[in-house]
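Number of protein chains: 2
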Amino acid sequence: MKIGILGYGNLGKGVECAINNTSDMELVGVFTRRDAKSLKIQTPGAKVYSMDDMLEMKDKIDVMIICGGSATDLPKMTPETARHFNIIDSFDSHAKIPEHFANVDKAAKEGDNIALISVGWDPGMFSLNRLYANAILANGSDYTFWGKGVSQGHSDAIRRVDGVKDARQYTIPIDSALKSVRSGENPVLTVREKHIRECFVVAEEGADLKRIENEIKTMPGYFSDYDTKVNFITQEQLIEDHGGIPHGGFVIRSGKTGWNDENNQIIEYSLKLDSNPEFNACILVAYARAAFRMRSRGITGCKTVFDVAPVDLSAMTSEELRANML
Amino acid sequence: MKIGILGYGNLGKGVECAINNTSDMELVGVFTRRDAKSLKIQTPGAKVYSMDDMLEMKDKIDVMIICGGSATDLPKMTPETARHFNIIDSFDSHAKIPEHFANVDKAAKEGDNIALISVGWDPGMFSLNRLYANAILANGSDYTFWGKGVSQGHSDAIRRVDGVKDARQYTIPIDSALKSVRSGENPVLTVREKHIRECFVVAEEGADLKRIENEIKTMPGYFSDYDTKVNFITQEQLIEDHGGIPHGGFVIRSGKTGWNDENNQIIEYSLKLDSNPEFNACILVAYARAAFRMRSRGITGCKTVFDVAPVDLSAMTSEELRANML
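Those protein sequences? They're chains F and S, same order as listed. According to the numbering used here, the first sequence holds residues 142 to 467 in order. According to the numbering used here, the second sequence holds residues 142 to 467 in order.
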């Protein structure tokens, strides 16, 4: 399988690492908006191309993994690319998925390609686990907790506060809420009861720390609905102690079975990730394998993780999987 | 969708409850080896039939859910039934799955039917999670823990000891082993380091308790490789405190990502079940839906959970799933 990577940020770099861990895939090249000559990649034999030259590689790439941002890149980039390549993206603006799906589906069908969108852990593996758990426990409640992990959006929001030089925000699930859900109590939880937000902030010299803390804690849409903790630290401490991009979370379904709903059943899926982008990258690469196989069977148009049979993700054959993993 | 249940033990009763929780399935009847007139079921409108009259119902049932035991029932019952019906079973003798698959595949193809085998939580949901986690984290280690839960096989083994009237055995994962796995330490664990076995035993009056305890603890294949705790209790206590059939467990994959394997990533799937058979029953019913849909698309022969796209398990449409669960 010949793979291309479109975009070489954290996600694209993670995809390169993940391809390096497979035995059935080859990285042909990385496509960039930057000056191709200035970009150094790690894979021996793979090349860097300008995005403008992408179409010349049309017949040399089986699946293009698009590693752009959901806010501005993917809504345009994914349909345009799907016209010419089999593609995967990790579009994660949940509310806009139906619109993105429609645009990509049209383009992919016109190009006779397959396009797998919203592949990652959320949307992606978390969505799959919601689906499986709901299909199994028809009578129950869903809970999703995120963290402990870095929220890029919330970190950015803090950086826009006057007097802030740099910031890192962690979303942290509240342990007592998790325990209550796991016990089968089926609690009704407010936003504030599920997660706390902890901020590490580097202030500009002489800035009014009280004002900054207050502006953060009362920021609507980001912090005002949560219990928020603000810690002021130095730039050095931020780099030293908060340089990673950890994340994770929990998808739990708590359901009832029995003729009189007398039995509790709890399904839980959880992730504890040192590197959020590298984990998303691994998922993209597994689904690139599936996209290639599905296209080989004549399937075209836009698909999601819901449409992919698990067998298509594995490098093993069906026989090997039945003998070793079932 | 019109469903039949073949066999009315704990699993069959659980399937009846699970069908009652769906909006798109109808239980047509229960088929039994026992005297059909003696069997009372709970679903208004559904009938009890003798297994011998099954073929007369051939055109009135879309999927037959086979609820027999893996040791002696299913190896014969599943291929025989797959010749005439679309079927699902929960065959759980892991080592014999390839042989069972071949037999069922031949029969199902001859009958132009679809047959989904080994559907439940292990094999089944645990297998799926092993596959997903392995496909995502190519470089890592797998861990499966079972319990806390009742092992029927181990309980039966204790009952065969001279002087034992009744018994219940719990398999319990060892917390420190779970913690070590979750921390990313990738420990190499012996059988003894993963689970303990706790037994509640009702002895016959005057029996030599020391001898019974010793025979249990040294029993090869069942207890000798484990740290085993034996508690003697009365029959009343056994009924009162140990009447349920709880189970559960954990599937964990601990992997590395990054060009130099510098990041730990942990994927965990866990179940905490008040009723083991009722949970397996819910999974069978969700996969009955998938079997019906796959057969409607012309798919025949033997399949497993690995071959089923998640979308086919849900009563929701693809559009609804994308809008609400992705």
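Each residue gets a CB set at the ideal place from its N, CA and C atoms; glycine is no exception.
Got a sec: is the Cβ-Cβ distance from residue i to anything in chain F below 8 Å?
| i | result |
| --- | --- |
| G399 of chain S | yes |
| M166 of chain S | no |
| L257 of chain S | no |
| C208 of chain S | no |
| V260 of chain S | no |
| M142 of chain S | no |
| I299 of chain S | no |
| Q376 of chain S | no |
| V332 of chain S | no |
| Q183 of chain S | yes |
| L152 of chain S | no |
| A177 of chain S | no |
| E419 of chain S | yes |
| A159 of chain S | yes |
| L269 of chain S | yes |
| S282 of chain S | no |
CB-CB under 6 Å to residue i, same chain, minus the five flanking residues each way: which ones, in chain order?
| i | result |
| --- | --- |
| E409 of chain S | I393 |
| C423 of chain F | A159 |
| S416 of chain S | I386 |
| V343 of chain S | K306, D307, Q376 and L379 |
| A298 of chain F | Y363 |
Residue i touches chain F at which residues, Cβ-Cβ below 8 Å?
| i | result |
| --- | --- |
| R463 of chain S | I238, P239, F242, T445 and F447 |
| D203 of chain S | Those within 8 Å of D203 of chain S in chain F number zero; the least Cβ separation is about 17 Å. |
| S191 of chain S | Under the 8 Å cutoff, chain F gives no residues; its nearest Cβ is about 24 Å from S191 of chain S. |
Closest Cβ-Cβ distance between residue i and chain S: below 8 Å?
| i | result |
| --- | --- |
| H235 of chain F | yes |
| A450 of chain F | yes |
| L272 of chain F | yes |
| T312 of chain F | no |
| N254 of chain F | no |
| S455 of chain F | yes |
Give the straight-line distance between the Cα atoms of residue i and residue j, rounded to the nearest whole angstrom.
| i | j | result |
| --- | --- | --- |
| G148 of chain S | E167 of chain S | 17 Å |
| N401 of chain S | G145 of chain S | 54 Å |
| G294 of chain F | S259 of chain F | 18 Å |
| C208 of chain F | G265 of chain F | 15 Å |
| S455 of chain S | A279 of chain F | 10 Å |
| G150 of chain S | S191 of chain S | 15 Å |
| S324 of chain F | Q406 of chain F | 10 Å |
| K178 of chain S | G155 of chain S | 21 Å |
| Y367 of chain F | P451 of chain S | 35 Å |
| E240 of chain F | F420 of chain F | 26 Å |
| N372 of chain S | M435 of chain F | 55 Å |
| K143 of chain F | I206 of chain F | 11 Å |
| V245 of chain F | E354 of chain F | 42 Å |
| L425 of chain S | S231 of chain S | 8 Å |
| G362 of chain F | V332 of chain S | 50 Å |
| E251 of chain F | R224 of chain F | 6 Å |
| F286 of chain F | M360 of chain F | 21 Å |
| W262 of chain F | Q183 of chain F | 25 Å |
| S437 of chain S | D253 of chain S | 12 Å |
| D349 of chain F | G304 of chain F | 8 Å |
| K217 of chain S | H235 of chain S | 17 Å |
For residue i, I'd like the list of residues in its chain whose CB is within less than 8 Å of its CB, leaving aside the five on either flank, ordered along the chain.
| i | result |
| --- | --- |
| R309 of chain S | V291, S296, C340, F341, L379 and H383 |
| D283 of chain F | R271, A274, N275, V392, I393 and R394 |
| E403 of chain S | K397 |
| G288 of chain F | Y311, T312, I313, P314, H336, H388, G389 and G390 |
Starting from residue i, find everything on chain F with Cβ-Cβ shorter than 7 Å and list it in chain order.
| i | result |
| --- | --- |
| I408 of chain S | L412 |
| I277 of chain S | C423, I424 and A427 |
| T163 of chain S | A279 |
Give me, in chain order, the residues of the same chain whose beta-carbon lies closer than 7 Å to that of residue i; leave out the 5 immediate sequence neighbours on both sides.
| i | result |
| --- | --- |
| A432 of chain S | V204, N227, I229, I255 and L257 |
| M466 of chain S | none |
| I315 of chain S | E334, K335, H336 and I337 |
| V322 of chain F | Y284, P328, I393 and S395 |
| R300 of chain S | D307 and A308 |
| S164 of chain F | A456 |
| K413 of chain F | G389 |
Would residue i be called buried (16 or more neighbouring beta carbons within 10 Å of its own) or exposed?
| i | result |
| --- | --- |
| V329 of chain F | exposed |
| L196 of chain F | exposed |
| K320 of chain S | exposed |
| S365 of chain S | exposed |
In chain S, what lies closer than 8 Å to residue i by C-beta?
| i | result |
| --- | --- |
| P264 of chain F | L467 |
So which residues of chain S does residue i contact, with C-beta pairs closer than 9 Å?
| i | result |
| --- | --- |
| S459 of chain F | T445, F447 and D448 |
Does residue i get closer than 8 Å to chain A when you measure Cβ to Cβ?
| i | result |
| --- | --- |
| L319 of chain S | Reference to chain A is not applicable here, since the protein chains of this structure are F and S. |
For residue i, go through chain S and note every residue whose CB falls closer than 7 Å to its CB, in chain order.
| i | result |
| --- | --- |
| D415 of chain F | N404, N405 and Q406 |
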